[in-house]
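Residue numbers are given in the working numbering: position 81 of the sequence shown equals residue 803, and the series is strictly consecutive.
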Amino acid sequence: MRASLVVPTLNEAGSIAAVLRGFRAAADHANRTIFRDDPIDWEILVVDGASTDGTGAAAEAEGARVIVERRRGYGRAYRTGFAEASGEIIATSDGDGTYPVEEIPALIRRLIDERLDFLTGDRLAYVTREAMTTEHRIGNWVLNFSFAIAYHRYVTGPTGTPIRDSQSGLWVFRRSILDRAVLTQDGMAMSEELKIEALTRGFRVLEVPIRYGERIGPPKLSSWRDGVRNGWFLLRKRFYLDREERASARRTAAR
Numbered sequence: 723m724r725a726s727l728v729v730p731t732l733n734e735a736g737s738i739a740a741v742l743r744g745f746r747a748a749a750d751h752a753n754r755t756i757f758r759d760d761p762i763d764w765e766i767l768v769v770d771g772a773s774t775d776g777t778g779a780a781a782e783a784e785g786a787r788v789i790v791e792r793r794r795g796y797g798r799a800y801r802t803g804f805a806e807a808s809g810e811i812i813a814t815s816d817g818d819g820t821y822p823v824e825e826i827p828a829l830i831r832r833l834i835d836e837r838l839d840f841l842t843g844d845r846l847a848y849v850t851r852e853a854m855t856t857e858h859r860i861g862n863w864v865l866n867f868s869f870a871i872a873y874h875r876y877v878t879g880p881t882g883t884p885i886r887d888s889q890s891g892l893w894v895f896r897r898s899i900l901d902r903a904v905l906t907q908d909g910m911a912m913s914e915e916l917k918i919e920a921l922t923r924g925f926r927v928l929e930v931p932i933r934y935g936e937r938i939g940p941p942k943l944s945s946w947r948d949g950v951r952n953g954w955f956l957l958r959k960r961f962y963l964d965r966e967e968r969a970s971a972r973r974t975a976a977r
């Protein structure tokens, strides 16, 4: 089996080497232990937004394949990385040291053993004050509450999948879901878009608690700007885009 780790970066020279080393060490250990009967062929893809600080060179020195994506955007980087990834299973992480990349092999094992299609991390379970500002926490709470209301039929009840952290960027999923998921967002909203697609298209989804640490280097996100954009996308997705897609499907079926 082949698995791909996709990491979007923009001027992360101060952290990317440590992130990739941590993942590689965990992946090698997993192949000697939990995957010893069927070792995984690991692929590491770094999608770099034309960094000017040597991020790409640092990633290549750690054995990653670097793809330069000059079109800016978190979602754009991931969509490019997904298209280039060759693994049957795809995992994701930021390149700033916030996500526990060393846990990814165990999450892949869980995805396989529990026959899941999509697994997402819940950063809020163990988040520290240093890792997430009060402003960031408030923004996450508002977006998570809105997500739960908009898609309550999928996240509540005996058949629902509870999602506490709609904005998390650590995912492990089967590549096959990309054949049905419709991903359109180039910005941060792609995080919630991917979860919505996984939930609403009938895939087996699970959210698990993960550690979330303090990032290495200065923050690049604007909590209010990105929060407003994500909130606006959520409204459009739920009350316009989803309906348009269903109407289009009905028109196609009627032909």
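Glycine is no exception: its CB is placed at the ideal position from the N, C-alpha and C atoms.
With respect to the C-alpha of I762, the residue from F925, D750, A772 having the closest C-alpha is D750. The beta carbons of L833 and V930 sit no closer together than 8 Å. The C-beta of T755 has fewer than 16 other C-beta atoms within 10 Å across all chains shown, which makes the residue exposed. For G843, the enclosing beta strand (DSSP E) covers residues 840 to 844. Between T814 and G935, the C-beta spacing is not below 8 Å. By the C-beta density criterion, R793 is exposed, having fewer than 16 other C-beta atoms within 10 angstroms. F804 is a Cβ neighbour of V728, given a cutoff of 8 Å. For V788, DSSP records a beta bridge to V768. The C-beta separation of R926 from L838 comes to about 5 Å, placing the pair in contact by the 8 Å criterion.
Note that the segment 896 to 911 does not touch the segment 870 to 887; fewer than 3 beta-carbon pairs, one per stretch, sit closer than 8 Å.
Taking all protein chains shown into account, L957 has fewer than 16 neighbouring C-beta atoms within 10 Å of its C-beta and is therefore exposed. Sorting I738, R801, E915 by C-alpha distance to the C-alpha of D775 places I738 at the top. In this structure, the straight-line span from the alpha carbon of D759 to that of M723 is close to 11 Å. Inside the segment 803 to 865, DSSP marks whole beta strand (DSSP E) runs of 3 or more residues at positions 811 to 814, 840 to 844, from first to last along the chain. One thing to note: G795 has its Cβ no nearer than 8 Å to the Cβ of T731. Cα atoms of R947 and A786: separation of roughly 32 Å, rounded to the nearest angstrom. In the assembly as shown, F961 is an exposed residue. Its beta-carbon has fewer than 16 other beta-carbons within 10 Å. In this structure, G949 lies near G861, with their beta-carbon atoms less than 8 Å apart. Beta-bridge partners of W954 (DSSP): none assigned. In this chain, the alpha helix (DSSP H) harbouring F745 covers 738 to 754. Excluding its 5 nearest sequence neighbours in each direction, E915 has C-beta neighbours in its own chain below 8 Å: G797, L905, T906, Q907, F955, K959, listed in chain order. Closest in C-alpha terms to L928, from the list T856, T883, T922, I812, comes T883. For R923 against R902, the beta-carbon gap comes to about 5 Å, under 8 Å, which counts as contact. Note that the C-beta distance between E784 and T802 is not below 8 Å.
Minimum Cα-Cα distance from R831 among the listed residues T856, F895, N733 corresponds to F895.
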